[in-house]
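Asker: Numbering-wise, the sequence shown is residues 9 to 547 according to my numbering.
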Amino acid sequence: MTKKASFCTFSRTIIFVILICVCLLLAGLFGLQHTTFGLEMSDVLPDQTAPAAFLKARDRYFSFYPMFAVLRGPDIDYAKNQHKIDNYRLSIGNSHFVVKNSEEEPSEKYWLSLLRIWLRTLQQKLDQAVADGLIDSSTGTVVGEEIDFMGVTEKLSTDVNIAYRLACSYGYTYNCTGRIGRIRFVDESGTINEESFYNYLTAWYNSDKMMYHVSLASFIPSPPEWTIDDKTVRLVPPASPFVYSQIPFYLTNLSSTPVIIEMIKEIRTICDEFTADGLPNFPTGVAFTFWEQYLHLSSNLFQAICIIAFAVFCMISIILCNPWAAGIILIILLLMTIELTGFLGLAGIKLNPISAVTVVTAVGIGVEFTAHVVLAFLTSLGTRNDRMVSCIDRVFVPVIHGAFSTLLGIIMLAFSEFEFVVKYFFVVMSALVFIGVINGLALLPVLLSLIGPSCEIEPLDGSHRLSPPPPLHRQIRRIMQESQAHRRNCSDDSNTATLGSENCSTMLLIAPRSGNSGSSGAPRLVPNNHARSASAHIV
């Protein structure tokens with residue numbers, strides 16, 4: 009292993025490793041340019057199955073989705089912004105993604121155009137009733153109208169009666185004098201009478217329910233309830249300004265995620281332009297709900313990587329107490345992230361929230377291949393090359409074992425029946441392990457040998473290794489000798505010092521037993537009343 013590690017110190021080897029890693033980085037950058045977004049339903053299902061084939065055929069030949077352009081009130085004055093709303097609808101309708109009719113307009117009618125058609129029909133019937141003499145245009149009264157105990161007896165048809173009441177209603181005022189035959193519901197330019205606009209909305213909402221539901225307008229709040237059969241109150245009450253109303257569209261040719269993203273950008277641009285022009289609005293629909301996340305996926309992914317990289321840098325700086333070493337680890341982690349993301353593009357794996365999570369976790373998993381190497385480098389002695397050789401010699405096998413254990417943990421995913429699991433989990437994680445080993449055991453040692461931090465320990469004699477500690481029995485003997493010398497010094501000081509009654513204490517002398525006792529020469533304790541502190545001497 010030492011010979012292999014020493015091989016890394018050769019200048020040719022360093023240049024070769026740098027070239028290989030530069031090629032990997034360039035391949036990653038190239039793959040980034042060719043990364044596609046998306047996650048189709050057909051990708052999630054098992055391949056070669058009927059549901060997957062159905063979804064692929066639907067996406068290819070029947071890429072058809074509904075969409076709504078929502079007008080967001082209540083600050084919109086619909087009466088004064090009628091033509092702006094028309095232009096808003098036509099601008100969206102000009103998109104080549106919108107289904108059009110033979111007149112090159114959006115295929116679906118919307119509530120404002122249906123309201124105009126209905127009002128023009130009522131205007132014709134009202135004009136005909138005036139021409140037939142059923143209504144006196146000068147006084148605004150109905151000819152031959154009678155009042156009984158049940159209320160007013162109508163002599164007009166239902167449609168003419170609705171038109172008559174609408175002509176007399178404006179705001180919360182009901183007045184027919186001078187209005188019949190003079191007030192036009194819709195003028196020649198297609199502008200609905202602004203004075204009675206919200207009264208007309210109430211009448212249309214309650215009288216033409218079918219067309220209201222066909223328009224998919226979804227007024228919020230709904231106009232007040234009203235019926236022509238109410239003879240006691242002749243005023244048609246005005247509707248309140250809408251907080252929410254929508255215009256329907258149908259979108260087609262949305263066969264893939266990049267195409268849908270292009271459509272969303274185009275429609276969003278139009279909506280933002282009209283919002284800036286004083287018409288608050290936004291688009292909604294299936295395509296926007298499920299695919300609009302891809303508009304911000306790149307920025308969100310970049311933000312997440314920056315946050316986790318900064319967190320890793322701070323934690324490693326605190327643990328190793330060396331920001332320089334943490335910075336080198338951060339460089340390797342960022343290179344690994346770029347190379348892994350580029351691998352997704354080269355392997356045809358789409359970037360979506362699932363693969364984005366794997367890319368984010370790669371920053372944390374990459375620490376496994378870098379932190380041990382840097383720690384071993386910091387705790388080694390000698391020059392940068394010597395320490396690099398030492399750290400590889402110490403951590404090469406553990407890092408390889410960690411890589412193999414990771415592969416063993418994910419190997420079962422390779423046998424999944426779902427191609428989605430194999431592609432998005434097994435292949436990506438295997439590529440991460442391979443990239444981590446290359447960068448952690450090849451590029452990182454080279455960087456450490458070139459710009460690595462200084463070692464944490466330096467011998468006082470300037471050598472490249474620490475002196476080995478003495479054997480344990482020598483350490484014990486030295487400690488005992490130092491202890492006995494200290495005790496003798498204390499005893500000598502106590503015998504030569506002036507004793508006072510308050511300082512006197514007992515010292516025990518250990519002397520051998522007398523030979524007359526017949527026992528062995530075992531030591532015995534002898535009291536000494538002239539000592540200042542308690543101690544024991546072996547005699």
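Where a beta carbon is used, it is the ideal one built from N, C-alpha and C, also for glycine.
When burial is assigned at 16 or more other CB atoms within 10 Å of the CB, is Thr414 buried or exposed?
Answerer: Classification for Thr414: buried.
Asker: What residue ranges within the segment 286-345 form continuous alpha helix (DSSP H) runs of no fewer than 4 residues, ordered along the chain?
Answerer: DSSP runs (the alpha helix (DSSP H)) wholly in the segment 286-345: 294-299, 305-328.
Asker: From Arg540 to His494, what does the alpha carbon distance come to, in whole angstroms?
Answerer: Low per-residue confidence applies at Arg540: pLDDT is 42, beneath 50, and the placement is therefore not dependable enough to give any value.
Asker: Applying the 10 Å Cβ sphere with the 16-neighbour rule, what's the burial state of Tyr180?
Answerer: Result: exposed.
Asker: Around the Cβ of Thr277, are there at least 16 other Cβ atoms within 10 angstroms (buried) or fewer (exposed)?
Answerer: So Thr277 counts as exposed.
Asker: Could you give the DSSP three-state label for Ala355: helix, strand or coil?
Answerer: In this structure, Ala355 counts as coil in the three-state DSSP scheme.
Asker: Measuring CB atoms only, is the segment 313-326 touching the segment 278-289, in the sense that at least three cross pairs come out at less than 8 Å?
Answerer: No, the segment 313-326 does not touch the segment 278-289.
Asker: Report the option in Ala370, Asp401, Glu464, Pro453 whose CA atom is closest to the CA atom of Phe433.
Answerer: Ranking the options by Cα distance to Phe433, first place goes to Ala370.
Asker: Kindly indicate if chain C contains any beta-carbon less than 9 Å away from that of Ser197.
Answerer: In the displayed structure, chain C is absent; only one protein chain is listed.
Asker: Which residue or residues does DSSP assign as beta-bridge partners of Gln254?
Answerer: In the DSSP output, where bridge partners are listed per residue, Gln254 has Val78.
Asker: Out of Ile443, Thr210, Ser165, Leu120, which has the shortest C-alpha to C-alpha gap to Val138?
Answerer: The shortest Cα separation from Val138 among Ile443, Thr210, Ser165, Leu120 belongs to Ser165.
Asker: To the nearest whole angstrom, what separates the beta carbons of Tyr588 and Phe105, a pair I think is in contact under 8 Å?
Answerer: In the structure as shown, the chain starts at 9 and stops at 547, and residue 588 therefore has no counterpart that could be examined.
Asker: DSSP three-state label for Ser525, please.
Answerer: The pLDDT assigned to Ser525 is 44, lower than 50, so where the model puts this residue is not dependable, and the model offers no usable value.
Asker: The alpha helix (DSSP H) spanning Thr210 covers which residue range?
Answerer: It spans 205-215 - the alpha helix (DSSP H) in which Thr210 sits, taken as one unbroken run.
Asker: Using a Cβ distance threshold of 8 Å, determine whether the segment 143-152 contacts the segment 207-218, with at least three qualifying pairs required.
Answerer: Short answer: they don't touch.
Asker: With a cut-off of 8 Å, do at least 3 Cβ pairs link the segment 321-332 to the segment 286-302?
Answerer: Counting Cβ pairs under 8 Å, fewer than three are found: no touch.
Asker: According to DSSP, is Asp167 helix, strand or coil?
Answerer: Here Asp167 sits in helix by DSSP.
Asker: Who does Leu259 pair with in a DSSP beta bridge?
Answerer: In the DSSP output, where bridge partners are listed per residue, Leu259 has Tyr73, Val106.
Asker: Quick one: any contact between the segment 372-383 and the segment 440-451, if contact means 3 or more CB pairs under 8 Å?
Answerer: Yes: at least three Cβ pairs fall under 8 Å.
Asker: Alpha carbons only, please: which of Glu464, Cys176, Arg187 is nearest the one belonging to Asn207?
Answerer: Among Glu464, Cys176, Arg187, the Cα nearest to that of Asn207 is on Cys176.
Asker: Reducing DSSP to helix, strand and coil, say where Asp280 ends up.
Answerer: Looking at Asp280 - three-state DSSP - the assignment turns out to be helix.
Asker: For a quick check, are the C-beta atoms of Leu63 and Ile346 less than 9 Å apart?
Answerer: Not a contact, by the Cβ cut-off of 9 Å.
Asker: Going by other Cβ atoms of all chains shown within 10 Å of its Cβ, with 16 needed for buried, is Ser491 buried or exposed?
Answerer: With fewer than 16 Cβ atoms within 10 Å of its Cβ, Ser491 is classed as exposed.
Asker: Please go through the segment 430-470 and give each complete alpha helix (DSSP H) segment of 4 or more residues, from N-terminal end onward.
Answerer: You should have 436-446, 452-459.
Asker: Whose C-beta lies closer than 7 Å to the C-beta of Leu127 among residues of the same chain, with five residues either side of it excluded?
Answerer: Hits under 7 Å: Phe193, Val194, Ile200, Tyr208.
Asker: My assumption, with CB atoms under 8 Å, is that Thr43 sits in contact with Leu352. Please give the rounded CB distance.
Answerer: Yes, Thr43 and Leu352 are in contact; Cβ-Cβ is about 6 Å, under 8 Å.
Asker: Ser19: which of Val436, Leu440, Asn393, Lys117 sits nearest, CA to CA?
Answerer: When only C-alpha atoms are compared, the closest one is Asn393.
Asker: Considering only C-alpha positions, which residue in the set Asp135, Leu224, Lys239 is nearest to Val78?
Answerer: Checking every option, the nearest Cα to that of Val78 belongs to Leu224.
Asker: Check for me: the alpha helix (DSSP H) holding Ser115 runs from which residue to which?
Answerer: Run containing Ser115: none; DSSP gives neither H nor E here.
Asker: Identify which residue in Lys108, His304, Arg124, Glu464 has its Cα closest to the Cα of Pro361.
Answerer: The shortest C-alpha separation from Pro361 is found at His304.
Asker: May I ask you to list the residues that DSSP assigns as paired with Val375?
Answerer: Looking at the DSSP assignment, Val375 forms no beta bridge with any residue, so it has no partner.
Asker: DSSP state of Val549, grouped into three classes?
Answerer: This structure cannot settle anything about residue 549, because the visible part of the chain is limited to 9 through 547.
Asker: Pro246: buried (16+ other C-beta within 10 angstroms of its C-beta) or exposed?
Answerer: Pro246 is buried by the Cβ-count criterion.
Asker: Pick from Gly460, Lys108, Asp51, Phe76: whose alpha carbon is nearest that of Gly390?
Answerer: The shortest C-alpha separation from Gly390 is found at Gly460.
Asker: Pair every Cβ in the segment 288-296 with every Cβ in the segment 112-120, then say whether three or more of these pairs are closer than 8 Å.
Answerer: No, the segment 288-296 does not touch the segment 112-120.
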